[in-house]
Structure formats: structure tokens, C-alpha cells
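Accompanying notes for the structure given below.
Protein chains in written order, with the numbering used here: chain A, 1 to 118; chain B, 119 to 417.
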């Protein structure tokens with residue numbers, strides 16, 4: 001089962017490299033839509049934490065265990081991000097986030113065949 | 119004149135009704151148990167409920183058939199999408215669209231579905247199809263025949279049953295004399311009331327902005343499409359404690375359907391407020407099935 005909120009409590013923590021150096025943080029989310037989407041239909045924007053903007057192009061999206069940039073996802077018409085499947089968003093930030101409460105926002109949307117793609 | 123034999127529609131439920139609780143506080147088995155408990159014998163699944171779609175594992179397929187058997191549920195309709203714009207830029211080629219359709223036909227065939235809700239790419243809120251749809255559907259027909267499935271386009275509010283494209287679809291079916299393309303009527307098209315005690319002011323404002331609430335199909339409009347329909351979405355928004363749906367003229371619609379001998383799948387699709395509350399949803403589903411059984415004389 002997943003958390004009811006689309007940004008998940010589980011999986012929100014700092015990221016460390018093999019030398020133990022903190023290089024960023026991650027959080028998990030589900031699609032917030034009633035149907036799964038092909039990655040090429042997915043549109044992402046910035047992540048905003050406590051009002052600080054982390055630009056779209058610096059983010060890494062991990063879906064089904066594979067890392068993608070926003071640009072790489074545009075071409076993946078073969079990977080289906082299913083409902084209730086968790087994506088992990090990795091955000092580079094040296095030193096990571098401080099322990100405690102944070103306000104996490106993420107900009108995203110999708111193109112579907114109810115309307116012509118733009 | 120020989121009287122048309124009264125239809126005996128089969129009662130089903132769309133797993134879509136549970137989409138805000140499935141995977142959060144209910145497993146797929148919980149949903150099957152609930153559908154069985156409501157008295158439904160058939161179900162609709164969206165491709166969105168198939169684990170690892172479009173390549174479910176043998177374990178998932180075994181689990182799926184085990185659920186069907188345990189809860190005595192039969193597959194009725196599989197909802198899928200005929201996507202034509204999976205990439206930026208130009209529309210996909212007919213061959214690419216067809217490839218994906220055939221993939222879903224095979225999957226439907228594997229999972230026991232004979233009816234598909236095929237969402238043709240549309241260009242506006244009224245679901246007018248993207249030009250070229252005939253070409254793709256025409257190419258898909260031999261494969262639909264091979265995998266024994268019927269594609270059904272859904273007429274969904276705010277689209278009316280009298281909209282031109284509905285007649286274009288009927289004309290296409292007649293021209294090709296095919297049993298593999300048809301219409302799913304979503305009862306939302308008959309919705310003629312938006313009671314303020316059911317919808318919040320915000321919800322009403324959004325619905326109005328999206329074109330809902332200004333016009334609706336008349337129950338008799340369904341007659342023209344019934345011969346081309348195997349499954350319909352028995353959409354409902356609120357059934358009260360007297361087992362009356364407050365927004366859609368169910369009595370009139372169901373009476374016309376059975377008087378015309380329609381015996382397809384009536385698939386409950388709850389789309390009212392409170393879908394994220396499993397207890398509320400379960401109660402609505404039971405009220406809806408009691409209402410339909412009473413109207414159809416199944417009690």
C-alpha cells in the first residue's frame with residue numbers, strides 16, 4: 001500500500017555517496033491520477049522545498065529502479081508508470097536538508113489523449 | 119406484432135470506482151470481495167489496474183484468475199486508450215497506434231475480456247475524435263476479430279448522444295458491418311440535476327467551467343445506439359437511503375433498455391463526491407445495486 005497523500009512520507013530523506021558525503025535529498029510520490037501514464041506523457045517542473053526552487057533540469061526521477069532526467073523521459077514511450085507505483089525524486093543539494101519538518105512541493109502534469117498534445 | 123423480449127442486463131462494477139482507495143486502504147482482493155458482496159457478477163478493469171502493464175507477470179495473472187474464481191466474478195470490459203500522441207511533435211504513425219492496440223487486444227483476450235472501452239484520441243471536451251480515427255479503427259478490426267474483442271467508444275458527459283461523431287461511429291459500424299466496434303453509453307450523459315446538498319460550491323463551479331450542467335441527453339436518445347452496445351457505464355453520483363439516484367433518471371433509462379431487449383453489462387461507476395472514503399463508497403455501491411436490482415426486477 002502507498003500513503004494516501006501523493007507525496008509520500010516514506011522515503012523522504014537525505015542522500016549520501018559511497019564516501020558518506022551528503023549530496024542531496026529524495027522524496028517519493030505517486031501519480032495522483034486514476035490511470036498510469038507512459039513516461040513520454042509525463043511533464044515535470046521544479047521542486048520547491050521551504051520556498052527554495054530546485055530547477056527541473058537538475059532533478060533525477062527514479063521509476064521502476066531506473067534514473068531519468070526530465071529530458072530522457074520524453075522519449076520513453078515504452079515505460080509505463082503505473083497507478084500507485086512510487087517514483088523517487090532525487091534532488092542534488094550539497095549537505096542535504098536539515099532534520100525536521102519541510103514543505104515539499106513538486107510541479108508536474110501529463111499529456112493524455114483526451115486532448116491533443118502540445 | 120411480436121413483442122421484443124425483455125432484456126436481462128448483467129450487473130457489473132468498474133474497479134475504477136475504487137480508484138481512490140485501491141492500493142491505499144484496499145488491495146485488489148478487497149475490491150473483488152466488495153464487488154462480490156454487492157451482488158455483482160461482472161467487472162471492468164482498466165489497464166491501470168494491471169500490475170506491470172503491459173507485461174503482467176505470470177504470478178499476477180494467476181492471482182487475477184484466482185480472484186475471479188474465488189469471488190465468482192467474470193471479466194466484462196477492459197478500459198484502454200488508443201494513444202496517438204505519446205511523443206512530442208507529430209502524431210504517431212497508424213502502424214505505431216495499431217501496434218499498441220493489438221498489444222491490448224492480446225492482453226484482453228488473455229484476461230478473458232470480450233469488450234473494450236477504447237478511448238479514441240479526442241480534440242476537445244466533447245470528445246470529438248481526432249481526424250483519421252476511421253483509418254486506425256478500420257485497420258484494427260481484423261485483429262479485434264482475431265482476438266475476439268469489441269472496441270467500444272464511450273459517450274461521456276458533457277458529450278450528448280446526439281452529437282455528430284456518435285452518428286459517424288454508427289455509420290462506420292454499418293458501413294463495415296462489424297461486430298467489433300460499438301458504443302458504451304456512460305449514464306452521466308443523462309445527468310439532469312446537480313443538487314447543492316451533494317456537490318460542494320467549489321465542485322459545482324468546476325463542473326460548470328468544464329461545460330457540465332447546461333444540456334444533457336434525453337433517455338430516449340439511447341435507442342439509436344443500443345443495438346451497438348454490449349457494455350454501458352451505469353454512472354452514479356449519489357444514491358439516497360431510499361435507493362434513488364438523485365442526479366440521473368435511472369428509471370426512464372433502464373426501462374427503455376430492457377424494453378428494447380438489451381442484455382449487456384451494466385457496469386456501476388461511482389463518480390460522486392467522497393470516493394476517497396472506503397466506507398462511504400461501499401455504502402453507495404450497495405445502494406446502487408439494490409436500486410438497479412429493484413428496477414430490473416431481480417430482487
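Glycine included, every Cβ here is placed at the ideal spot set by N, Cα and C.
Residue i to residue j, Cα distance in whole Å?
{"i": "residue 322 (chain B)", "j": "residue 312 (chain B)", "result": "8 Å"}
{"i": "residue 223 (chain B)", "j": "residue 265 (chain B)", "result": "6 Å"}
{"i": "residue 425 (chain B)", "j": "residue 298 (chain B)", "result": "This structure cannot settle anything about residue 425 (chain B), because the visible part of chain B is limited to 119 through 417."}
{"i": "residue 409 (chain B)", "j": "residue 77 (chain A)", "result": "43 Å"}
{"i": "residue 138 (chain B)", "j": "residue 164 (chain B)", "result": "14 Å"}
{"i": "residue 25 (chain A)", "j": "residue 37 (chain A)", "result": "25 Å"}
{"i": "residue 308 (chain B)", "j": "residue 367 (chain B)", "result": "7 Å"}
{"i": "residue 50 (chain A)", "j": "residue 150 (chain B)", "result": "42 Å"}
{"i": "residue 86 (chain A)", "j": "residue 146 (chain B)", "result": "17 Å"}
{"i": "residue 148 (chain B)", "j": "residue 357 (chain B)", "result": "22 Å"}
{"i": "residue 374 (chain B)", "j": "residue 127 (chain B)", "result": "12 Å"}
{"i": "residue 379 (chain B)", "j": "residue 348 (chain B)", "result": "12 Å"}
{"i": "residue 316 (chain B)", "j": "residue 306 (chain B)", "result": "15 Å"}
{"i": "residue 376 (chain B)", "j": "residue 125 (chain B)", "result": "4 Å"}
{"i": "residue 301 (chain B)", "j": "residue 233 (chain B)", "result": "10 Å"}
{"i": "residue 304 (chain B)", "j": "residue 342 (chain B)", "result": "15 Å"}
{"i": "residue 62 (chain A)", "j": "residue 3 (chain A)", "result": "18 Å"}
{"i": "residue 102 (chain A)", "j": "residue 241 (chain B)", "result": "40 Å"}
{"i": "residue 293 (chain B)", "j": "residue 283 (chain B)", "result": "15 Å"}
{"i": "residue 295 (chain B)", "j": "residue 92 (chain A)", "result": "59 Å"}
{"i": "residue 117 (chain A)", "j": "residue 203 (chain B)", "result": "With a pLDDT of 41 at residue 117 (chain A), under the threshold of 50, the modelled position of this residue cannot be trusted, and the question is left open."}
{"i": "residue 370 (chain B)", "j": "residue 109 (chain A)", "result": "40 Å"}
Exposed or buried, what is residue i when buried is set at 16 or more other beta-carbons lying within 10 Å of its beta-carbon?
{"i": "residue 27 (chain A)", "result": "buried"}
{"i": "residue 170 (chain B)", "result": "exposed"}
{"i": "residue 53 (chain A)", "result": "exposed"}
{"i": "residue 350 (chain B)", "result": "buried"}
{"i": "residue 152 (chain B)", "result": "buried"}
{"i": "residue 187 (chain B)", "result": "exposed"}
{"i": "residue 74 (chain B)", "result": "Outside the shown range of chain B (119 to 417) lies residue 74 (chain B), about which nothing can therefore be said."}
{"i": "residue 193 (chain B)", "result": "buried"}
{"i": "residue 141 (chain B)", "result": "buried"}
Check residue i in the structure and name its three-state DSSP category.
{"i": "residue 199 (chain B)", "result": "strand"}
{"i": "residue 74 (chain A)", "result": "coil"}
{"i": "residue 321 (chain B)", "result": "helix"}
{"i": "residue 191 (chain B)", "result": "coil"}
{"i": "residue 409 (chain B)", "result": "helix"}
{"i": "residue 345 (chain B)", "result": "helix"}
{"i": "residue 153 (chain B)", "result": "helix"}
{"i": "residue 300 (chain B)", "result": "strand"}
{"i": "residue 265 (chain B)", "result": "coil"}
{"i": "residue 117 (chain A)", "result": "Note that residue 117 (chain A) scores a pLDDT of 41, beneath 50, so its modelled location is shaky; the value from the coordinates is reported in the next line. It is coil, neither helix nor strand."}
{"i": "residue 364 (chain B)", "result": "coil"}
Starting from the beta carbon of residue i, find every residue of chain A whose beta carbon is closer than 8 Å, and list them in chain order.
{"i": "residue 234 (chain B)", "result": "Chain A residues near residue 234 (chain B): none, gap ~15 Å exceeds 8 Å."}
{"i": "residue 199 (chain B)", "result": "35, 112 and 113"}
{"i": "residue 166 (chain B)", "result": "34, 35, 36, 82 and 83"}
{"i": "residue 137 (chain B)", "result": "34 and 83"}
Please compile the residues from chain A whose C-beta is within a distance smaller than 7 Å of the C-beta of residue i.
{"i": "residue 134 (chain B)", "result": "34"}
{"i": "residue 239 (chain B)", "result": "113"}
Mind pulling the chain A residues with CB within less than 9 Å of residue i?
{"i": "residue 171 (chain B)", "result": "36, 80 and 82"}
Could you name the residues of chain B that residue i contacts, counting a contact when the two beta carbons are closer than 7 Å?
{"i": "residue 41 (chain A)", "result": "204"}
{"i": "residue 74 (chain A)", "result": "206"}
Do the stretch 389 to 407 of chain B and the stretch 328 to 338 of chain B touch if we need at least three Cβ pairs shorter than 8 Å?
-> no
For the 8 Å Cβ check, are there 3 or more pairs between the stretch 210 to 230 of chain B and the stretch 256 to 275 of chain B?
-> yes
Between the stretch 39 to 46 of chain A and the stretch 67 to 83 of chain A, do three or more beta carbon pairs fall short of 8 Å?
-> yes
Could you tell me whether the stretch 241 to 254 of chain B touches the stretch 262 to 282 of chain B, using the rule of 3 or more Cβ pairs below 8 Å?
-> yes
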